[in-house]
Every structure is written in C-alpha cells, then in structure tokens.
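Asks:
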Amino acid sequence: MTAKAPLAVVVAVTTLFATLTGLGMPKPSPDLPPLGTVIAPLPEGSAKGLADGACLNCHSGDVLRQQRLTEKQWTANVTKMIGWGAEVPEDRREELVRYLGKNFGPGNAAFRPVAVRPVRANR
Amino acid sequence: MRPVSEDPTLFTRRTLIGLGAVALASTAVGLPRPERRLLQMNAYAPDAETPLDLLTTYITPNDLFFVRHHWNATPPDSRTWKLTVDGEVAQPLELSLADLKRFPRTTATCVLQCAGNGRSLYTPPVPGVQWNSGAVGNARWAGARVRDLLAKAGVKGTAKHLHTAGTDDPPGKTPPFHRSLELEKALEDAIVAWEMNGEPLPPLHGSPARLVVPGWAGDHWMKWLSKLSPRPDPEKGFYMDVGYRYPAKPGEPGVTFKPEEMRPITELFVKSNITAAPVRARVGSSPALRTSRKSN
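Just so you know, the protein sequences line up as chains F and D, in that order. Take the first sequence: its letter number 61 is residue 61 in this note's numbering, and every next letter is one higher. If you want this note's numbering, it's the 1-based position in the second sequence plus 1000.
1. Give, in chain order, every unbroken run of the alpha helix (DSSP H) that is at least 4 residues long and sits entirely within the segment 1192–1269 of chain D.
2. I believe V1067 of chain D touches P1046 of chain D by the beta-carbon criterion, under 8 Å. Please report the beta-carbon distance rounded to the nearest angstrom.
3. Taking Cβ positions only, does D1063 of chain D come closer than 8 Å to chain F?
4. If we define contact as Cβ-Cβ less than 8 Å, is L1121 of chain D a contact residue for chain F?
5. Given Q66 of chain F, which residues of its chain have a CB within under 7 Å of its CB, disregarding the five upstream and five downstream residues?
6. So for G1137 of chain D, helix, strand or coil by DSSP?
7. So is M1041 of chain D in contact with chain F if we call contact Cβ pairs under 8 Å?
8. Cβ of Y1044 of chain D less than 8 Å from any chain F Cβ?
9. Ends of the beta strand (DSSP E) at C1110 of chain D?
10. Below 8 Å, can you find three or more Cβ-Cβ pairs linking the segment 1245–1257 of chain D to the segment 1197–1204 of chain D?
11. Can you pull the DSSP bridge partners for S1180 of chain D?
12. Which of the three DSSP states, helix, strand or coil, is assigned to R92 of chain F?
13. At a CB distance below 9 Å, what residues from the segment 1102–1133 of chain D approach chain F? Give them in sequence order.
14. Report the neighbours of V88 of chain F on chain D: residues whose CB is nearer than 7 Å to its CB, in chain order.
15. In or out: E1049 of chain D buried (at least 16 other Cβ within 10 Å) or exposed?
16. Using 10 angstroms around the beta-carbon of Y1058 of chain D, count the other beta-carbons present and answer buried if the total reaches 16, otherwise exposed.
17. Quick check: the segment 48–59 of chain F against the segment 82–101 of chain F, are at least 3 beta-carbon pairs closer than 8 Å?
18. Can you give the Cα-Cα distance for W1131 of chain D and Y1044 of chain D, rounded to whole angstroms?
19. For L1064 of chain D and P118 of chain F, I'd like the C-alpha separation in whole angstroms.
20. Looking at C-alpha atoms only, which residue of D:F1177, D:G1172, D:S1272, D:L1211 is the closest neighbour of D1189 of chain D?
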C-alpha cells in the first residue's frame, strides 16, 4: 500500500482481505431457492405469448433476459431456433424479432442472476 | 423462498469501499458473511456459475462447481449404463461401470472451464449464456485412462480422431451434441472419470462417467459418456463446424469471420481472477483492481 492511499481505501482493502482470508468459508443459507425453481416471466408485450410458446419449451427466459443483441443478431438466432424446432408462424417472425430486440437489445441492463442454493453432491 | 439477485459487476472503487465497510461492520457485530451459493444463469436447462468470492479454494467443492447443460438431460442408471468403444478398433467393447473400474485407476487435478466463460464481458455482446467469471472450477478427477481402454480394444493406426457421445438426447430438431477431439490428445492424458473430488461423479456433472481432457475447454469433456469411437476424420455437425470455434487470428470487434478463418477451441487460454484483494493493491478509477507496483 502506498503512503498516498486514502484512509478509506486502506481500511476497505484491509478489512476485505481479512474477511476473505481470515474467517473461512461462509455457511450455506437454507433460505436460498434451489437451482431451477425461480422462473422469471418474459416482459409484457404483444409478442409475449408468441415468445413463451416458441422459446420456453426448451429453456427458461433467463437466457433471453441476459442477452444484449441487435435485431440483426436476433434475426439470426430466431432463424436458428426455428430450424431447431421453435414454433413461430412465418407471418409473426418479424414481430418476435422486434419484441426480442426491444426488450433484450444492446441497451439491456446487466443481467442479475438469482442466487441459488449450492447443488448437493448427488442430487 | 427468497429470490436473491446480485449484480455481477466487477469491483469499482465505490463497491470495494462499500464491501470493506460492510466487512468491518459485519465482523464487528458478528453478522453472517456472504453465503455459499451459485448464480442461476438458466432455470432450465440448468446453468449456474460460481460466484467469484467463493472461488477462493484450490479445489472447487462439488456443490459449488458450475453447472452447464445444452438441454435437460436424464442421467443414465449407473447399474445398466454401458460405455461402447467401437470404430477403428480390432475388438469393440461394451463396458459396464464395474468393468471400467477394473482398469488401472488414475487421477488428475485439473481445471474445467466452459468455452464461453466470460462471455458477458465481450464488447460488442455475442449470443449465448452470458457467463461472468465463474464458469470455471478445479477438481480432482479419478477414472480410467482413455489410452488403456483403446489399447484393450486395439485401436488401429488409421484412427486420428476420437468421436464421443453422451446419453442425453436433444429436444425437437436440435442437433445432437456429438463431438470429436484429436486422438493424439486423448491418448496422451484423457480420462473416463467416475469420481469428482473423492465422490461418485454427480448426475449434473455427467454420472456415471464423463470425459476429462486436461487443459482443454469444457466442450471436449463429454458428460453421461456412452461412446468412444476412434475414426479417421473429425465428427461433423453444428457443435463441431459452427459452435465451439474461435477465430484463428484476432480481428476487429464485431467483425464476422468466414468459416475458414475459424478453428476449434482446444487448449484453454490463461485467465486470472482476483478473488481476494492482493497485497499492496491500489484501487484505480477503472472498474478493476490495479496493483500499485510489481511485487517481488
């Protein structure tokens, strides 16, 4: 630590270091939900039902909500997923892309993952 | 049930000072410390990463080890499970778990890291699970050497690639996760592992047995392993020809590469995580810790 470091930083770093190294592993909380039990809904919109039906059979909305993709990227992904079996009527494909691009575009806020219980060794 | 969110943002000066203050306060009054937990990246198929503040031990405990699936998988029954060894071999084999355990046991302590770990840090963003820093862990794996299994089957000189498959079937028209890796690498040090950190391999991590490919990215570590087939040519399909490839040479951010400019991901790149504040650390204005001088 340099002599110029502000006192607050010295205190912060020292206490953080002491906490992380000196006090051992924290205990699990029984209050945390198990992995897979918190299912966040997709945002409202005219294409929500379409997205629910097309996307959520195989994966949760988490993987949509964490994306920050342009409409061009969404078009490519929707095309890929239709090829893999996602059911999207041809005349509603653009509507789905717009919904995904609007809600999960480049300006989408950083994803905040839910903290879940550690997974028991032989679940 | 208490849903708890957390911000995956890296340390900033403000959060560090805040953490320090919280640490000081919680130490003083005996409040609970940060919980043992995983961070859910996908409710189903299950994906979860290890929080950086829990990646502080040399061995990552099994219950804190990151979880990754392409789709929901039903692990096979270990009592009826068989590993098939076929392809360019003199004598195809069908091995039960008991058969497998009769081969010489070997162990390897090595890092398993998802090929996409750190994807959320890319600019511009790319599609896929937006892992922060925790799709990585270190475990002690035990099992049989691929080398010994293939020697027993009598692998032929014509074989150059080891094709691998697991028991998990994809949904709909999703392509199967069939893979291959260079036979030379598999013969060098790959293991068919049934044990992880001294416990039977957990179902979420590929029980009863998975491939362990030391030093190589997780896409090669086939879970719920059901087949090893040495063959002259590499496997084909989406997860070989499109997925799990990096550009052969660096390019401008956001520029799309031609397929012939891409290479399969093999060895892990060196990555470092700061999981506890380093000695002589100084906090700068960027959202990362910087050391004030070289320590020696």
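Glycine is no exception: its CB is placed at the ideal position from the N, C-alpha and C atoms.
Replies: Result, derived from the coordinates:
1. 1238–1241
2. In the second sequence, residue 1067 of chain D corresponds to position 67, counting from 1. In the second sequence, residue 1046 of chain D corresponds to position 46, counting from 1. Going by Cβ atoms, the distance from V1067 of chain D to P1046 of chain D rounds to 5 Å, so yes, they are a contact pair.
3. The residue given as residue 1063 of chain D occupies position 63 in the second sequence. Yes, its Cβ sits closer than 8 Å to a Cβ of chain F.
4. Residue 1121 of chain D sits at position 121 when you count from the first residue of the second sequence. Closer than 8 Å: no.
5. Counting from one through the first sequence, the residue named residue 66 of chain F turns up at place 66. Contacts found: F111.
6. For this step, residue 1137 of chain D is matched to residue 137 along the second sequence. Looking at G1137 of chain D - three-state DSSP - the assignment turns out to be strand.
7. Residue mapping note: residue 1041 of chain D aligns to position 41 of the second sequence, counting from 1. Judged by the 8 Å Cβ criterion, M1041 of chain D is in contact with chain F.
8. Against the second sequence, residue 1044 of chain D aligns to sequence position 44. By this cut-off, Y1044 of chain D is an interface position.
9. On the second sequence, residue 1110 of chain D is found 110 positions in, with the first residue counted as 1. It spans 1105–1113 - the beta strand (DSSP E) in which C1110 of chain D sits, taken as one unbroken run.
10. no
11. Your numbering for residue 1180 of chain D matches position 180 in the second sequence. DSSP, once it has assigned bridges, lists D:H1163 as partnering S1180 of chain D.
12. The residue given as residue 92 of chain F occupies position 92 in the first sequence. It is helical.
13. S1120, P1124, P1125, V1126, P1127, G1128, V1129, Q1130, N1132
14. Looking up residue 88 of chain F in the first sequence gives position 88. Per Cβ cutoff of 7 Å: no residues; V88 of chain F is ~13 Å from chain D at best.
15. Indexing the second sequence from 1 puts residue 1049 of chain D at position 49. Counting Cβ neighbours within 10 Å, E1049 of chain D comes out buried, since at least 16 surround it.
16. Residue 1058 of chain D sits at position 58 when you count from the first residue of the second sequence. Exposed is the call here.
17. The answer is yes - the segment 48–59 of chain F touches the segment 82–101 of chain F, with three or more Cβ pairs under 8 Å.
18. Along the second sequence, read from residue 1 onward, the residue named residue 1131 of chain D stands at position 131. Along the second sequence, read from residue 1 onward, the residue named residue 1044 of chain D stands at position 44. Computed Cα separation, rounded: 15 Å.
19. As a position in the second sequence, residue 1064 of chain D is number 64, starting the count at 1. As a position in the first sequence, residue 118 of chain F is number 118, starting the count at 1. Taking the straight line from one Cα to the other gives about 6 Å.
20. Against the second sequence, residue 1189 of chain D aligns to sequence position 189. Here the closest residue by C-alpha is D:L1211.
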